[in-house]
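Chains A and B supply the protein sequences, listed in that same order. So in our numbering, spot 17 of the first sequence is number 17, and the numbers just go up one at a time. To get our numbering, take the position in the second sequence, counting from 1, and add 106. All C-beta atoms, glycine included, are put in the ideal place defined by N, C-alpha and C. Please read these numbers as outputs of a predicted model, since none were measured by experiment. Okay, structure first, notes after.
Protein chains: 2
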Amino acid sequence: MQRVCFVLQVKPERLEEYKERHRTVWPEMREALSRAGWRNYSLFLRDDGMLVGYLETDDFAGARGRMSREPINAVWQESMKGFFVDAEGRRADEQMRPLEEVFHLA
Amino acid sequence: MQRVCFVLQVKPERLEEYKERHRTVWPEMREALSRAGWRNYSLFLRDDGMLVGYLETDDFAGARGRMSREPINAVWQESMKGFFVDAEGRRADEQMRPLEEVFHLA
């Protein structure tokens, strides 16, 4: 099992709207994440827009690949793209780069 | 159950040493964390020194308070203090400020 952590940047002026969208994530999007193997997945937001993602999965490369092939994901990611800061204009799911886990205690 | 995420900053010039210390965390320190109720606790490090902590606990205020009263914790925190960037010179465990969880999928 892999524990995955990634960090993204939400535009500070859109934090409230970002939070609102995540209170009402489409059921189809939640089901797609589960089907693709994303488990115990949380998003945490700092008040300056720094966003931390944490999830558990058997294989993140596989889980990410499966999610990228879910049709609902493309719709969701396009609808969310304007919330993120990225010099290269990528979608959030294209920006996710796992950090190195340096300690774990069960 | 609470899922807690916090972010700290390790001095970029001390990353390798920080990682080495965390490969060999004292068994007494690990036992104290477990006794204090820190579960599924991971630390993730970005190559610029940004450090993300994630843990699960019944009550973070309580878990943090119990840990602060473990004698081994004071020794550990003092030994690690020089690794962290903090304008106020606080220990890492004094700097931990939980981020807001804005999404969760079991």
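- Interface flag for K125/B against chain A is set, since a Cβ pair is found closer than 8 Å.
- Taken through DSSP and simplified to helix, strand or coil, M80/A comes out as helix.
- Taken in chain order, the complete beta strand (DSSP E) segments of 3 residues or longer contained in the region 142-208 of chain B are 145-151 and 156-163.
- Between C5/A and L105/A, the gap from beta carbon to beta carbon reaches 8 Å or more.
- At least one CB of chain A lies nearer than 8 Å to the CB of A212/B.
- Residues of the region 76-93 of chain A whose Cβ lies closer than 7 Å to any Cβ of chain B: none.
- Going by beta carbons, R136/B and T163/B fall outside the 8 Å limit.
- Following the DSSP letters along the chain, one finds R23/A inside the alpha helix (DSSP H) bounded by residues L15 to R23.
- Look at the beta carbons and you see the region 152-163 of chain B touching the region 115-134 of chain B: at least three pairs across the two are nearer than 8 Å.
- A residue is called buried once 16 or more other Cβ atoms fall within 10 Å of its Cβ, and M107/B, having fewer, is exposed.
- Interface residue (Cβ-Cβ distance to chain B less than 8 Å): E100/A is classified as such.
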